[in-house]
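Participant: Quick one: this structure, given as structure tokens, is what I'll be asking you about.
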Amino acid sequence: MVNAGDTAWVLASAALVMLMTPGLAFFYGGMVRSKSVLNMLMMNFVCLAVVGVLWALYGYSWSFGNDKFGGLVGDGEFAGLANTIGHFVGVGSDAAPWPGADALPALTFVMFQLMFAVITPALISGSIADRTKFWAWTLFVAGWATLCYFPVAHWVFAFDGFTGPDNVGGWIANTLKAEDFAGGTAVHINAGAAGLALAIVLGRRKGWPRDRMRPHSLPFVLLGASLLWFGWYGFNAGSALGAGDLASVAFTNTTLATCTAVLGWLLVEQIRDGKPTTLGAASGAVAGLVAITPACGYVAPMGALAIGIIAGALCAMAVGLKFRFGFDDSLDVVGVHLVGGIVGTLLIGFFGDNDVNSAALGENGLFYGGGWLQLGRQAAAAGSVMVYSFLVATILGLAIKYTIGFRVNAEAETTGVDEAEHAETGYDYSALGGRAPVGTSAPVVDPAGADAPS
Amino acid sequence: MKLVTAVVQPHTLGAIRDALEHLAILGMTLTEAQGYGRQKGHTEIYRGSEYDVDLIPKLKVEVVCADEAALAVFDAIALAARTGRIGDGKVWLTPVEHVVRVRTGERGADAV
Chain R
22 MVNAGDTAWV
32 LASAALVMLM
42 TPGLAFFYGG
52 MVRSKSVLNM
62 LMMNFVCLAV
72 VGVLWALYGY
82 SWSFGNDKFG
92 GLVGDGEFAG
102 LANTIGHFVG
112 VGSDAAPWPG
122 ADALPALTFV
132 MFQLMFAVIT
142 PALISGSIAD
152 RTKFWAWTLF
162 VAGWATLCYF
172 PVAHWVFAFD
182 GFTGPDNVGG
192 WIANTLKAED
202 FAGGTAVHIN
212 AGAAGLALAI
222 VLGRRKGWPR
232 DRMRPHSLPF
242 VLLGASLLWF
252 GWYGFNAGSA
262 LGAGDLASVA
272 FTNTTLATCT
282 AVLGWLLVEQ
292 IRDGKPTTLG
302 AASGAVAGLV
312 AITPACGYVA
322 PMGALAIGII
332 AGALCAMAVG
342 LKFRFGFDDS
352 LDVVGVHLVG
362 GIVGTLLIGF
372 FGDNDVNSAA
382 LGENGLFYGG
392 GWLQLGRQAA
402 AAGSVMVYSF
412 LVATILGLAI
422 KYTIGFRVNA
432 EAETTGVDEA
442 EHAETGYDYS
452 ALGGRAPVGT
462 SAPVVDPAGA
472 DAPS
Chain F
12 MKLVTAVVQP
22 HTLGAIRDAL
32 EHLAILGMTL
42 TEAQGYGRQK
52 GHTEIYRGSE
62 YDVDLIPKLK
72 VEVVCADEAA
82 LAVFDAIALA
92 ARTGRIGDGK
102 VWLTPVEHVV
112 RVRTGERGAD
122 AV
């Protein structure tokens, strides 16, 4: 019943997706100033710790449990990971009743989906870089995952009859029948809208936009983007939940869209600014990966090439929006993830090709003989996730802002959030040593006791 | 004794060292400095937004020498650091009251 090949691929994919969160940490960490690099890394890394715990306690169950409230959220049947060991997920048919001939162990699916739940809140952190209290952020991650990610993952990723023979899934996947292969809505639009909300709730960094904040390590940015690209194969091709043709299509499309998105971003820069930049190449890659995420299992390779170049060029232009509207989305979560997610989600309505994926629930896109119906479904899904996430993030953000405070004080922001929040600095190139504060007794390090203080 | 201080383009260091070796000046102190003068900085671009870098990397060279050698050192550095373009920097000469070589305790002109 369990398909060993599929299981191996999905487990490996889970590990690949896990690597994306540290990769994102370096992508973001290189873009901030050297005095806040540790805070940026920590805001990402802590998502692994916090969301991992919540996922086991109730997150997986709320996302993939049998539906409660008409497609809005799952029930508690898997709370505490009950009913998972020795259980399966899969698709039944007349020939092979649920979980079908190619089932996965339930915990394989639990771990794979966990990594999506981890990276989605981590993506938000880029919009509030350089100024955020660590524990306030951690609290926000727990709240937003609970109130926003778990329900939205249910809307988008929980298909009828997958985690149980009679389990009912979420409304976007099963009722609206919008297509989102790996998380254009549930991950990128979701995180992008929350990022916009938090950038507004926390407000601008001191001196922005008059003082420009130069990225302190572009090699980190490119390294992080490369790790993201690598991990994204698990994200997209792993979302086929099997090691077969569909995974290969998703893998191919992920590659091709990313290639053209890099070129698209660099061409916009060459025309607009006169130079192709490293940051542009890294950003273009991420924009392409974002945009192909919802589409990678529904379009043909030539469609992926088109989606990539459109996303790369549009996102390169969209990162300027924050200056026009005056919100300090520090690392362009809106310009890359919200815009890229919307582009990819909507373009399924043009490039969707049901010959690619026979299991697809949707209609062909406009360029493949379909009508406007699928584009309308895509827009409805994108819009509802965007509005819901923006509202939840705004309310949670304001609640934290007016209770424990979300932002470090002005002095800490000037001296550096690393020192203020973590009592560390990222880099020490000085030969001068530190010493214990006056009055503290120094530990005796000489085992012979010859130099021990008397 | 005199202190010759020069703030120059970093890439002229090799020429300055060669020139001072010809004068048998055996030591100097270097500091990586930043500054601005008439030379304009450059503009960097990050995701389309321009970032003006107006503090430019410079090299600060300091040489303490005997009174008789001071002008030769001064001229040698000024000549070696010259490219003829804006941003070549400045060289200046100041008197030094007293010097001690820490290792030997030699003082005054013997110490330089």
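First to last, the protein sequences are chains R and F. Okay, so the first sequence: first residue is 22 according to the numbering used here, each after it adds one. Okay, so the second sequence: first residue is 12 according to the numbering used here, each after it adds one. Backbone N, C-alpha and C fix where the C-beta goes; we use that ideal spot for every residue, glycine too. Only a predicted model underlies this, so the values are computations on that prediction, with no experimental measurement involved.
1. Report, in whole angstroms, the separation of the C-beta atoms of R/Ala264 and R/Gly26, which I expect to be a contact under 8 Å.
2. Using a Cβ-Cβ cut-off of 9 Å, state whether F/Ile56 counts as contacting chain R.
3. Taking only the alpha-carbon atoms, compute the straight-line gap between F/Gln20 and F/Ala92 and give it to the nearest angstrom.
4. Would F/Leu31 pass as a contact of F/Val110 if the rule is Cβ separation under 9 Å?
5. If the criterion is Cβ atoms closer than 9 Å, does the pair F/Arg58 and R/Ser379 meet it?
6. Considering only residues of the same chain and omitting the five flanking positions on each side of R/Leu480, which have a CB-CB separation below 6 Å?
7. Using the DSSP secondary-structure output, state which residues sit across from F/Trp103 in a beta bridge.
8. If you check the beta carbons only, do R/Asp96 and R/Gly111 fall under 9 Å apart?
9. Could you work out which residues of chain F lie near R/Ser304, taking near to mean beta carbons separated by less than 8 Å?
10. Given a limit of 7 Å on CB to CB distance, which residues of the segment 224-245 of chain R reach chain F?
11. My output table needs one value for R/Pro458: the three-state DSSP class, helix, strand or coil.
12. From the DSSP output, in three-state form, read off R/Pro142 for me.
13. Rounded to the nearest angstrom, what separates F/Asp99 and F/Asp86 at their Cα positions?
14. For the beta strand (DSSP E) that R/Pro240 lies in, which residues bound it at each end?
15. Using the beta-carbon of each residue, which ones in chain F are nearer than 9 Å to R/Gly341?
16. Is the beta carbon of R/Met52 sitting closer than 9 Å to the one on R/Gly185?
17. With 9 Å as the threshold, decide whether the Cβ of R/Asp181 is near any Cβ in chain F.
18. Since R/Lys296 meets chain F, which of its residues come closer than 7 Å, beta carbon to beta carbon?
19. Please report whether the beta-carbon of R/Gly308 lies at a distance below 9 Å from any beta-carbon of chain F.
20. Of all the alpha helix (DSSP H) runs that stay within the bounds of the segment 199-236 of chain R, which reach a length of 4 or more residues?
21. Could you check which residue in R/Ala327, R/Arg231, R/Val429, R/Phe99 has the C-alpha nearest to that of R/Thr276?
22. Could you tell me whether the segment 295-311 of chain R touches the segment 267-282 of chain R, using the rule of 3 or more Cβ pairs below 8 Å?
23. Just the chain F side, please: which residues come within less than 9 Å of R/Leu300 by C-beta, in chain order?
24. Would you check if the distance between the CB atom of R/Phe202 and the CB atom of R/Gly191 is smaller than 9 Å?
25. In the DSSP assignment, what are the bridge partners of F/Gln132?
26. Excluding sequence positions up to five away, which residues of its chain have a Cβ less than 7 Å from the Cβ of R/Ala268?
27. With a CB to CB cut of under 8 Å and the five nearest residues on each side skipped, what residues in its chain are close to R/Thr109?
28. Just verifying my parser: in three-state terms, what is the DSSP assignment at R/Leu125?
29. Please report the distance separating the alpha-carbon of R/Val340 from that of R/Val360.
30. Just how far apart, CA to CA, sit F/Glu43 and R/Gly216?
31. Give a yes or no on whether the minimum CB-CB distance between R/Glu290 and chain F is below 9 Å.
32. Between which two residues does the beta strand (DSSP E) holding F/His53 run?
33. Terminal residues of the continuous alpha helix (DSSP H) containing R/Phe443?
34. Kindly say whether R/Ala337, judged by its beta-carbon, lies nearer than 9 Å to any beta-carbon of chain F.
35. Nearest by alpha-carbon distance to R/Phe411: which of R/Gly373, R/Leu62, R/Ala214, R/Ala302 is it?
36. Check R/Lys547 in the structure and name its three-state DSSP category.
Facilitator: So, to answer that:
1. 5 Å
2. It does: the Cβ of F/Ile56 has a partner Cβ on chain R nearer than 9 Å.
3. Distance between F/Gln20 and F/Ala92, taken at the CA atoms: about 7 Å.
4. For F/Leu31 and F/Val110, no; Cβs fall outside 9 Å.
5. no
6. Residue 480 of chain R lies beyond the residue range present for chain R, which begins at 22 and ends at 475; the question has no answer from this structure.
7. F/Thr16
8. no
9. Arg58
10. Arg233, Arg235, Pro236
11. If DSSP states are grouped into helix, strand and coil, R/Pro458 belongs with coil.
12. helix
13. Their Cα atoms are separated by approximately 14 Å.
14. It is not in any beta strand (DSSP E) - R/Pro240 instead sits in the alpha helix (DSSP H) that spans 239-258.
15. Arg58, Gly59, Ser60
16. no
17. Chain F contact via Cβ: absent.
18. Ile56
19. According to the sequence shown, residue 308 of chain R is Ala rather than Gly. Not an interface residue.
20. 211-223
21. R/Ala327
22. In short, these stretches touch, since the Cβ pair count reaches three.
23. Ile56, Tyr57, Arg58
24. no
25. Since the first residue shown for chain F is 12 and the last is 123, residue 132 of chain F is missing from the structure and cannot be characterised.
26. Trp30, Ala258, Ala261
27. Here the sequence assigns Phe to residue 109 of chain R, which means Thr is not the residue at that position. For R/Phe109, where only same-chain residues beyond five positions count, the Cβ hits under 8 Å are Met22, Val23, Pro120, Ala124, Leu125, Pro126, Ala127.
28. strand
29. 9 Å
30. 40 Å
31. yes
32. 53-57
33. In the sequence under discussion, the amino acid at residue 443 of chain R is His, which differs from the Phe named in the question. Residues 438-443.
34. With a threshold of 9 Å between beta carbons, R/Ala337 makes contact with chain F.
35. R/Ala214
36. With chain R covering 22 to 475 only, the question about residue 547 of chain R has no answer from this structure.
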